[in-house]
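Read the sequence shown against the numbering used here and you will find it ends at 830, with the numbers running on by one and no gaps. The beta carbon of each residue, even a glycine, is placed where N, CA and C say it ideally should be. Because the structure is a prediction, the values reported are computed rather than measured.
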Amino acid sequence: MNIVEAKNITYLYPDGTKALNNINFKVKKGDIVSLLGNNGAGKSTLFLHFNGIFEPSSGEILIEGKTLKYDKKSLVEARQKIGIVFQNPDDQLFAPTVEEDVAFGPLNIGLSQEETKKRVTSVLKKVGMEGFEKKPPHHLSGGQKKRVAIAGILAMNPEIMVLDEPTSGLDPKGASNILKLLYGLNNEGMTIIISTHDVDLVPLYSNKVHIIKEGEIIKEGTPHEVFDDVNTVREADLRLPRIAHLIEILEKEDNIKIADSYPLTIGQARKKLTDYMNNNI
């Protein structure tokens with residue numbers, strides 16, 4: 550079933566600028582879905598519709614098949630079900646200490662101090678930030694701030710986590726740690742939606758990919774279906790993942806066809822190259 554769906558969403562900013570144009574975007578329960586596009590393509594604007602931070606100019610958001618309403622009760626329910634982690638954790642972290650920041654959401658929906666403390670302890674351990682409870686968030690590294698921001702969302706027990714550029718500003722190790730964390734959460738049953746312009750990240754974790762350009766979805770499908778459509782990828786001012794790009798270069802320079810579908814991981818590339826050599830040499 551589709552756990553969240555954007556149906557014919559159009560959004561105009563107050564000055565009349567059209568940020569989203571008739572967007573349709575579906576996510577199945579338990580998937581990891583990537584929204585791929587350059588800065589300014591509309592990724593963040595779309596995400597802010599999922600739990601009612603933005604209200605569409607036309608169209609509707611459906612959560613588990615029910616249209617999102619914009620009264621206070623409906624929005625509180627939506628924001629417990631769908632948690633959004635912003636690109637810059639400094640936009641999300643505001644309390645004097647890590648534990649106070651993570652506790653804010655549960656306390657705000659009326660959970661007891663005892664239950665909140667249990668959740669804070671549990672989620673900080675899950676994201677690898679136990680022992681940092683008394684630290685001021687502004688003393689943390691970028692990767693640590695991301696983890697605390699994720700912990701604050703996890704403390705609300707959401708079914709869906711939406712992350713805007715989760716690896717932005719992180720070094721390779723920090724980015725890898727965040728992705729491992731998200732992959733682990735998905736294995737536990739959480740639906741994950743990621744916005745990114747990192748084409749090398751997308752094939753490693755995504756079940757489905759949507760390309761967005763100038764507020765419109767111009768391609769969707771599995772990673773292979775999307776990246777095999779080279780013209781559309783480049784139309785969106787993106788590139789192929791490095792491994793696929795390498796195979797593309799080899800095919801053009803040697804005037805050969807190694808595979809019908811570009812490999813997107815090292816394992817896929819090894820197999821396709823081995824098969825090609827066995828069949829042609």
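**Prompt:** Which residue spans inside the region 711-788 form an unbroken alpha helix (DSSP H) run of at least 4?
**Reply:** 721-736, 751-754, 772-776 and 779-784
**Item:** 4 or more residues per run - each alpha helix (DSSP H) lying fully within the region 617-654
**Value:** If one requires a minimum length of 4 residues, the alpha helix (DSSP H) runs lying completely within the region 617-654 are 621-630, in chain order.
**Request:** Check each candidate in V625, D803, E714 and L753 and name the one with the smallest Cα separation from Q817.
**Result:** Looking only at V625, D803, E714 and L753, the smallest Cα-Cα distance to Q817 is reached by L753.
**Prompt:** Just to confirm, are K821 and I807 a CB contact at a threshold of 7 Å?
**Reply:** yes
**Request:** Name the two residues that bound the continuous beta strand (DSSP E) containing A568.
**Result:** K567 to K577
**Message:** I believe I760 touches T745 by the beta-carbon criterion, under 8 Å. Please report the beta-carbon distance rounded to the nearest angstrom.
**Reply:** No, I760 and T745 are not in contact; Cβ-Cβ is about 11 Å, not under 8 Å.
**Asked** At a cut of 8 Å, does the region 637-644 reach the region 596-603 through at least three beta carbon pairs?
**Response** no
**Asked** Roughly how many angstroms separate the alpha carbons of L795 and K757, rounded to a whole number?
**Response** For L795 and K757, the distance between alpha carbons rounds to 23 Å.
**Request:** Give the straight-line distance between the Cα atoms of N551 and I743, rounded to the nearest whole angstrom.
**Result:** Between N551 and I743, the alpha-carbon positions lie close to 16 Å from each other.
**Request:** Could you pull out every residue in the same chain whose Cβ sits closer than 6 Å to the Cβ of A652, ignoring the five residues on either side in sequence?
**Result:** T665 and V669
**Item:** Per-residue DSSP class, three states only, for Y560
**Value:** strand
**Request:** Evaluate the contact criterion for the region 707-717 versus the region 626-633: three or more CB pairs, one atom per stretch, below 8 Å.
**Result:** yes
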